[in-house]
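Below is one structure, written out as structure tokens; the observations come after it.
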Amino acid sequence: MRFLNDQQLQMQIANAEGAHRINQGKPQPWPRRNADEEHMRWQMKCLQLNQLKAQKGEAIKSTVVSLCQVIDIPLPNIGVSTLIQDLNGDVEEMIVYNYCYNIDQVGWLKPGTILIIKEPWLRYGLSGTGVSLRIDSPSDIIFVDPTDREFLNKVEANKWYKQMSNDVEVIRGEANEYFKKGKYFDALQLYDRGIRINAELPIIMGLAAYGMHEWQKAANHFIEILKEFPGHIFAGEQLKRSMARLAEQRDGKFDFKMMHFESQKTKSETDVSDYVGPIEITEIPGKV
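Quick note, the sequence shown lines up with residues 4 to 291 if you use this note's numbering.
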């Protein structure tokens with residue numbers, strides 16, 4: 004451990020006070036960084052870090068959203084710092100605090116990782132000479148699956164899409180291997196991916212919504228399945244049922260013949276919805 008003398012300590016305190024005044028003052032525009040220059044600077048930081056570790060043999064101590072991608076290897080410090088780039092090509096340094104107990108564990112923040120950062124803000128560090136995007140709470144980060152084409156299309160981030168296997172069994176096997184090796188973050192990412200692309204999950208959710216008479220929600224789940232798996236017969240049948248219930252609810256037109264035949268069965272299940280549209284009370288000619 005390296006101790007500071009009085010002069011160094013006073014200098015650090017002065018720098019910290021200066022940085023605090025800047026952070027609390029009127030926001031000032033920050034010049035755009037050059038991606039190539041920043042990447043080269045980051046590589047030099049990595050080299051310096053490795054040299055220090057080799058020489059000393061010491062462990063390193065360890066609303067509004069922004070969509071970005073990690074573009075360089077993370078470095079452990081008081082937090083975990085790395086370079087990120089947004090869809091416009093703007094580059095900034097990001098420092099994440101309080102995410103892992105062991106700061107040396109940086110494998111969860113690989114180059115290519117896509118993040119949504121909630122309420123991002125730039126602030127000056129203790130030296131007061133440079134700014135970084137600081138993240139204090141793990142809840143301010145949302146990890147985006149690079150294979151989720153639908154979501155990436157919505158946020159116009161198609162260029163970050165990665166094509167990978169959609170075989171649920173393959174994904175499960177890879178996730179289990181990560182879990183056995185203690186790489187729990189990687190395992191969790193793959194388990195989430197497997198759940199997302201597993202056709203059986205939306206079917207169960209669709210049937211549950213149907214059972215609760217939430218016809219539109221049920222139809223949406225079955226439409227979701229058919230977008231991913233166009234030839235899914237069961238999903239097609241359930242979508243047809245859901246749309247029939249929606250039509251009954253909207254128009255008040257029922258198949259009374261079918262309802263009569265169903266009522267004659269020993270275990271009848273009359274599958275209809277309730278009409279919820281406007282009604283008109285009127286007199287029928289010839290009726291009293």
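Note that the Cβ used here is the ideal one computed from N, Cα and C, for glycine as well. Bear in mind the structure is a predicted one, so any value in this text is a computation, not a measurement.
- Following the DSSP letters along the chain, one finds residue 187 inside the alpha helix (DSSP H) bounded by residues 187 to 200.
- For residue 166, the three-state secondary structure derived from DSSP is coil.
- Residue 260 and residue 201 have their C-alpha atoms roughly 38 Å apart.
- Membership of residue 136 in the beta strand (DSSP E) is indicated by the continuous run 134 to 138.
- For residue 97, the secondary structure class from DSSP, reduced to helix, strand or coil, is strand.
- Within the same chain, and ignoring the five residues on either side of residue 256 in sequence, the residues whose Cβ sits closer than 8 Å to its Cβ are 250.
- Secondary structure at residue 173: helix, using DSSP grouped into helix, strand and coil.
- Inter-residue distance for residue 146 and residue 122 is about 15 Å (C-alpha atoms, whole angstroms).
- Taken through DSSP and simplified to helix, strand or coil, residue 232 comes out as coil.
- Around residue 225, the same chain offers 209, 238, 241, 242, 245 as residues with beta carbons nearer than 7 Å, after the five sequence neighbours per side are excluded.
- In the three-state scheme derived from DSSP, where H, G and I count as helix and E and B as strand, residue 76 is classed as coil.
- For the pair residue 161 and residue 155, the Cα-to-Cα distance works out to about 5 Å.
- In the assembly as shown, residue 85 is a buried residue. Its beta-carbon has 16 or more other beta-carbons within 10 Å.
- If you check the CB distance, residue 174 and residue 196 come in under 7 Å.
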